[in-house]
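Some notes on the structure that comes next.
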Amino acid sequence: MKADGTLRAVVAVGCMAERYGKELAEAMPEADAILSFDDYADISSRLQSILAGNSKPAHTPKDRRSLIPISPVARQEMKVELNTKMGQGGTFARKRLANSPMAPLKIASGCDRRCSFCAIPQFRGSFISRTPDEIITEARWLAENGVSELFLVSENTTSYGKDLGDLKAMEKLLPALSKIDGIERIRASYLQPAEIRPTLLQALIATEKVVPYFDISFQHASGTLLRRMRRFGDGEKFLHLLTQIRALSPEAGIRSNFIVGFPGESQGEYQELVDFVNSSNLDAIGIFAYSDEDKTEALTLDGKLDPQVINERTSELTMIAEELVMQRATDRIGQRVRVLIEDEELQEGRAEHQGPEVDSSTFVTIAGRPSAGYKVGQYVDAIVTDTSGADLIAQSL
């Protein structure tokens, strides 16, 4: 592609580029540059320099947690410097490259948790919240550029505000976002079960425009195994949380992910996970086979399971999860849904309980036939009449 002029440069960015830097550059000599997170604040000039034929040495990866104070509140005192050096937020001119009516809105970066299977804090750094003003300014800009659904993203949304000196900052941010003209939906992602406090749960359900959608990171259901993961809770506590959510919002969408075959996982602990998944009535379930991750505590743990055992358990639980998710979809027949159209040709979109990209979809029909005329970005009220696997088929009203 470079030879015929259709491609001028190959540049690697993102988590893999940050995490492996020089090592990745050696493995990919065809790449013109490997950029670090530190390059993001001045990304335009970096790319212009590369296109001009200048080389940029790949960075040597470092533990980004060492760049930030241990005290969460003290991190905000470095905010200007962090915005410049790490691309953590701030306001600046930009161009929206997508035309979807949904857009992710980053509210924080990094993570203070030390889950034994996860390397994210090492290359993303410690948790830093964007200020409410920054977030609201970007949300307004997105609304002015055709966005009607905001998808709040971070490595740990439930921690938002702890470094701002306000443990209820999220409860205040949601109503502020809901007042923005043009915004019809607000959806939160990646909630830690141990941090879902009563006031936050109430805000997620009762705040206008915030959809009843809960992306909760359970990871497992055995209390003993979760301790080895450096996490909190157990199946009983998680089921209690789900009961609370369903009591407040019976039709809420709830999704979670689970790791199968973590070091030391006994047959009994695996069965605890199976029992929990069978009892949880989740709308979307991700099942992942454990694999060693560079520079994590889990890499050094004893009790590694035979790969065949991991694969067998993963396959079994995946089949169970798929059946449960399809049954959950069937249970929604007869429910009224509001669908955001995202594909005009297929008349496909998402109801409030369906998250973007990874969850199921809803197909809108008229008298049993595909509807016509609904444009991308329109909201359509409909009744669920049938299912196709985990997807819903709904007749417009």
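Here the working numbering is used: the first residue of the sequence shown is -18, the next is one more, and so on.
For every residue, glycine included, the Cβ atom is placed at its ideal position computed from N, Cα and C.
Inside the region 251 to 327 only - beta strand (DSSP E) runs reaching at least 3 residues: 265 to 270 and 317 to 324, all fully within the region 251 to 327.
The region 161 to 180 in contact with the region 123 to 140 per 3-pair CB rule at 8 Å: Flag = yes, the region 161 to 180 and the region 123 to 140 touch.
Residue environment, M300, which counts as buried when at least 16 other CB atoms sit within 10 Å: Sixteen is the threshold: since fewer than 16 other Cβ atoms of the shown chains lie within 10 Å of the Cβ of M300, the residue is exposed.
Assigned exposure category for G336 - 16 Cβ within 10 Å defines buried: Buried is the call here.
Contact check, R77 vs G91, beta carbons under 7 Å: Using a Cβ distance threshold of 7 Å, R77 and G91 do not count as a contacting pair.
Neighbour-count burial assignment, M379, 16 or more Cβ in a 10 Å radius: There is simply no residue 379 to check, as the chain begins at -18 and stops at 378 in what is shown.
Outcome for Q328 when other beta-carbon atoms lying within 10 angstroms are tallied against a minimum of 16: The residue is buried, with at least 16 neighbouring Cβ atoms inside 10 Å.
Identity of the residue in Q376, P179 and V357 nearest A363 by Cα: Comparing Cα-Cα distances from A363 to each of Q376, P179 and V357, the minimum goes to Q376.
Host beta strand (DSSP E) of Q29 (start-end): Secondary structure note for Q29: it is in no beta strand (DSSP E), and the uninterrupted alpha helix (DSSP H) holding it is I24 to L32.
Nearest residue (CA-CA) to M151, options D162, I186, A124 and G34: When only C-alpha atoms are compared, the closest one is I186.
Neighbourhood of K276 by C-beta distance below 8 Å, restricted to the same chain and skipping five residues each side: Excluding its 5 nearest sequence neighbours in each direction, K276 has C-beta neighbours in its own chain below 8 Å: A100 and Q103, listed in chain order.
Where the beta strand (DSSP E) containing S237 begins and where it ends: Element bounds for S237: G234 to V241.
Cross-strand partners of R105 (DSSP beta bridge): For R105, which the question treats as bridged, DSSP gives no partner whatsoever.
One or two residues paired with S110 in a DSSP bridge: Answer by DSSP bridge pairing, in chain order: A89.
Distance between K149 and L181 (C-alpha atoms, nearest Å): C-alpha separation (whole angstroms): 8 Å.
Whole-angstrom distance between R0 and L(-15), CA atom to CA atom: The question names Leu, but residue -15 in the sequence shown is Asp. Straight-line Cα distance between these residues: approximately 32 Å.
Where V61 falls, given that 16 or more other Cβ within 10 Å makes a residue buried: Since pLDDT at V61 reaches only 46, below the 50 mark, its modelled position is unreliable, and the value read off the structure follows with that caveat. A residue is called buried when at least 16 other Cβ atoms come within 10 angstroms of its Cβ; V61 does not meet this threshold and is exposed.
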